[in-house]
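Chemist:
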Amino acid sequence: MGKLIWRNITRRRSQSLLTIVITAITVMIFVVMMGVFVTMNTGLRTSKERLGADALIIPKSADASGYELLYTANPENEYMPAEVTEQVAALDGVAMVSPQFFSQTLYGSCCDFGLEMRVTGFDPETDFILKAQMNKKEYENLKDNDIILGGEFTNFVGVKAKILGEPMNVVGELYPTGTGMDKTIFMSIDKARELTENAENLNTLPEGARAEDLISAVMVKLDEGVDPAKFESQFNYFSGIDAQCIATNTTIATLQGQLSATAKIMFILWVSMLVVTVLALIGRFNALAKDRKKEIGLLRAIGVQKKGVFALVIGEACALVLAGGVLGSAAACLLIKPVMTLITETFQIPSSVWSWGLTLATALGGIVLAVLVGFIASLRPALRSASLEPQTAITQGEVN
1 MGKLIWRNIT RRRSQSLLTI VITAITVMIF VVMMGVFVTM NTGLRTSKER
51 LGADALIIPK SADASGYELL YTANPENEYM PAEVTEQVAA LDGVAMVSPQ
101 FFSQTLYGSC CDFGLEMRVT GFDPETDFIL KAQMNKKEYE NLKDNDIILG
151 GEFTNFVGVK AKILGEPMNV VGELYPTGTG MDKTIFMSID KARELTENAE
201 NLNTLPEGAR AEDLISAVMV KLDEGVDPAK FESQFNYFSG IDAQCIATNT
251 TIATLQGQLS ATAKIMFILW VSMLVVTVLA LIGRFNALAK DRKKEIGLLR
301 AIGVQKKGVF ALVIGEACAL VLAGGVLGSA AACLLIKPVM TLITETFQIP
351 SSVWSWGLTL ATALGGIVLA VLVGFIASLR PALRSASLEP QTAITQGEVN
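Taking my numbering, the leading residue of the sequence shown gets 1, the next gets one more, and so forth.
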């Protein structure tokens with residue numbers, strides 16, 4: 001039976017190739033869509049779990065939004081008075097606060113990473129964000145010339161790097177979060193202030209201000225039961241503090257809503273395409289069954305049972321869509337990462353860590369879908385072919 005199926009497929013090469021291409025395109029779109037959606041959704045969920053802070057306090061005059069600060073690693077050199085930290089800590093519902101100071105590396109510098117990257121100075125004594133993300137070593141004894149790299153950097157621990165011309169030791173790396181933290185360089189807040197103030201080609205501080213008197217953001221952990229959205233509203237309208245508050249869960253919820261709406265539109269379009277594909281395959285398999293009536297009649301005449309004819313038609317259809325499913329899934333595996341990178345860079349949506357495991361899982365789903373579609377599309381033609389009597393099939397058909 002297997003040899004007969006193979007001969008039937010290779011004997012009608014153009015028709016078989018068209019069936020494979022139709023299936024491959026449908027499966028490719030499905031796998032890419034599902035892979036990107038699952039990856040992005042996982043990234044948002046990971047961001048929420050690993051971000052650690054319930055709210056972010058930034059300067060009121062900041063050009064950057066909390067969205068940009070959380071989900072991109074673009075240098076954002078915004079500053080406000082350091083006493084804002086104490087003012088925020090004194091508010092009702094605040095459990096922990098930790099200040100941060102933003103700086104950056106310089107583009108094209110021979111003594112730097114060569115790109116404009118965000119440098120974040122944090123306070124090791126009050127920090128509650130980075131400790132949970134460390135995957136190499138703790139930083140209780142973080143020295144002035146020690147730095148920690150975000151999750152996108154790998155295998156740099158023990159390497160010496162230069163930040164704004166000063167040698168630094170890479171002592172740790174963070175777990176990937178899908179946020180701007182992944183592309184950020186972290187060091188002690190005092191060292192970040194010192195480098196920023198002494199850098200000859202970095203003029204980011206307000207005129208006449210000293211770096212030691214400034215901070216860029218305050219990460220806030222709220223008491224259990226305190227609604228971050230309500231805290232955000234009360235802070236912005238009633239606190240009197242010259243800063244603005246952004247609840248991180250509100251930002252994540254907004255992104256999830258946008259992603260969900262986009263996914264629904266994509267899903268509707270894909271379902272429409274799937275219906276068209278099924279109808280096209282039904283038409284193709286019906287035409288194939290009709291063209292092979294005399295062949296089927298001869299098979300029945302030499303003793304092939306109805307179930308054998310049914311298995312022949314189903315087997316040929318499933319073999320064709322299986323080939324299309326494999327090709328479509330293979331193409332999708334190569335496309336998922338570039339498509340995901342394009343989306344994250346265009347819309348600045350956090351993504352989870354891309355992995356072959358996740359891609360192969362969605363690809364397997366695409367192959368299963370292809371076989372299922374092929375079975376459904378060929379079921380009626382297979383039943384009709386199997387029900388033909390030998391004499392009727394021979395007189396109505398022609399041998400190809």
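Virtual Cβ for every residue (Gly too), placed ideally from N, Cα, C.
1. For Ile-376, which option in Ala-317, Gly-208, Ala-82 has the closest C-alpha, if you only look at C-alpha atoms?
2. What residue does the beta strand (DSSP E) around Ala-192 start on, and which one ends it?
3. Tell me, to the nearest whole angstrom, how far the beta carbon of Ser-239 is from that of Leu-91; I am working on the premise that it is less than 8 Å.
4. Please state whether DSSP places Ser-103 in a helix, a strand or coil.
5. Does the beta-carbon of Phe-128, which I'm using as the reference point, lie nearer than 7 Å to any heavy atom of the ligand HEM?
6. So the beta strand (DSSP E) Glu-166 belongs to, where does it begin and stop?
7. Are Thr-120 and Pro-99 close, meaning C-beta to C-beta below 8 Å?
8. Taking the C-alpha atoms as reference points, what is the distance between Ala-211 and Thr-184?
9. To which residues of the same chain is Cys-111 closer than 7 Å at the C-beta, ignoring the five residues directly before and after it?
10. Measuring only the C-alpha atoms, how far is Ile-334 from Lys-60?
11. Asp-146 bridges to which residues according to DSSP?
12. Relative to the C-alpha of Phe-156, which residue among Lys-143, Leu-174, Leu-142 is closest?
13. Taking C-alpha atoms, which residue in Ala-361, Ala-82, Val-36 lies nearest to Ser-216?
14. Apart from the five residues just before and just after Gln-15, which ones in its own chain have a Cβ nearer than 6 Å to its Cβ?
15. Near Glu-453, which residues of its chain fall below 8 Å by C-beta distance, leaving aside the five closest residues on each side in sequence?
16. Taking buried to mean at least 16 other C-beta atoms within 10 Å of its own C-beta, is Ile-367 buried or exposed?
17. Which class does Arg-210 belong to by DSSP, given the choice of helix, strand or coil?
18. Taking the C-alpha atoms as reference points, what is the distance between Thr-359 and Trp-6?
19. In the DSSP output, which residue or residues are listed as bridge partners for Met-80?
20. Output needed for Met-168: all residues of its chain with C-beta closer than 8 Å, excluding positions within five of it in sequence on either side, in chain order.
21. Comparing C-alpha positions only, which one of Leu-214, Thr-177, Met-181, Ala-361 sits nearest to Arg-193?
22. Would you mind giving the Cβ-Cβ distance between Phe-102 and Asn-74, rounded to the nearest angstrom? I have them listed as a contact below 8 Å.
23. Could you name the residues of the same chain whose beta carbon sits closer than 8 Å to that of Met-80, not counting the 5 residues immediately before and after it, in chain order?
24. DSSP beta-bridge partners for Leu-121?
25. Run the CB neighbour count on Arg-11, radius 10 Å, all protein chains shown included, and call it buried at 16 or more, exposed below.
26. Give the DSSP bridge partners of Val-94, in chain order.
27. In terms of residue numbering, what span does the beta strand (DSSP E) encompassing Lys-60 cover?
28. For Ala-243, report the span of its beta strand (DSSP E) as first-last.
29. Beta strand (DSSP E) containing Lys-162: first to last residue?
30. Which two residues bound the contiguous alpha helix (DSSP H) that contains Asn-236?
31. Assign Asp-223 to buried or exposed, taking buried as 16 or more other Cβ atoms, counted over all protein chains shown, within 10 Å of its Cβ.
32. Can you check DSSP and say which residues form a bridge with Ala-55?
33. With a cut-off of 8 Å on the beta carbons, I'd call Gly-324 and Val-21 a contact; round off their distance for me.
34. I'd like to know whether the C-beta atoms of Val-373 and Leu-281 end up nearer to each other than 8 Å.
35. My guess is that Thr-105 and Met-117 are in contact by the Cβ rule of under 8 Å, so how many angstroms apart are they, rounded?
Modeler: Let's see:
1. Ala-317
2. Premise fails: Ala-192 lies in the alpha helix (DSSP H), 189-198, not in any beta strand (DSSP E).
3. 7 Å
4. strand
5. Ligands in the displayed structure: none, and consequently the ligand HEM is not present.
6. 166-173
7. no
8. 20 Å
9. Caution is warranted here: a pLDDT of 48 is assigned to Cys-111, below 50, making its placement in the model unreliable, and no coordinate value can be reported.
10. According to the sequence as given, residue 334 is Leu; it is not Ile. Approximately 44 Å, taken between the alpha carbons.
11. Asn-169
12. Leu-174
13. Ala-82
14. none
15. No answer is possible for residue 453: it lies beyond the span of the chain, which begins at 1 and ends at 400.
16. buried
17. coil
18. 30 Å
19. Ile-215
20. Asn-145, Asp-146, Ile-147, Lys-160, Ala-161, Lys-162, Met-187
21. Leu-214
22. Contact doesn't hold; Cβ gap of about 10 Å is too wide.
23. Ile-58, Pro-59, Lys-60, Leu-214, Ile-215, Ser-216, Asp-242, Ala-243
24. The question names Leu, but residue 121 in the sequence shown is Gly. BP columns for Gly-121 point to Phe-101, Met-187.
25. exposed
26. Leu-222
27. Taken as a continuous stretch (DSSP letters only), Lys-60 belongs to no beta strand (DSSP E), as it is neither H nor E.
28. 243-247
29. 160-163
30. 228-238
31. exposed
32. Val-220, Ala-247
33. 7 Å
34. yes
35. 5 Å
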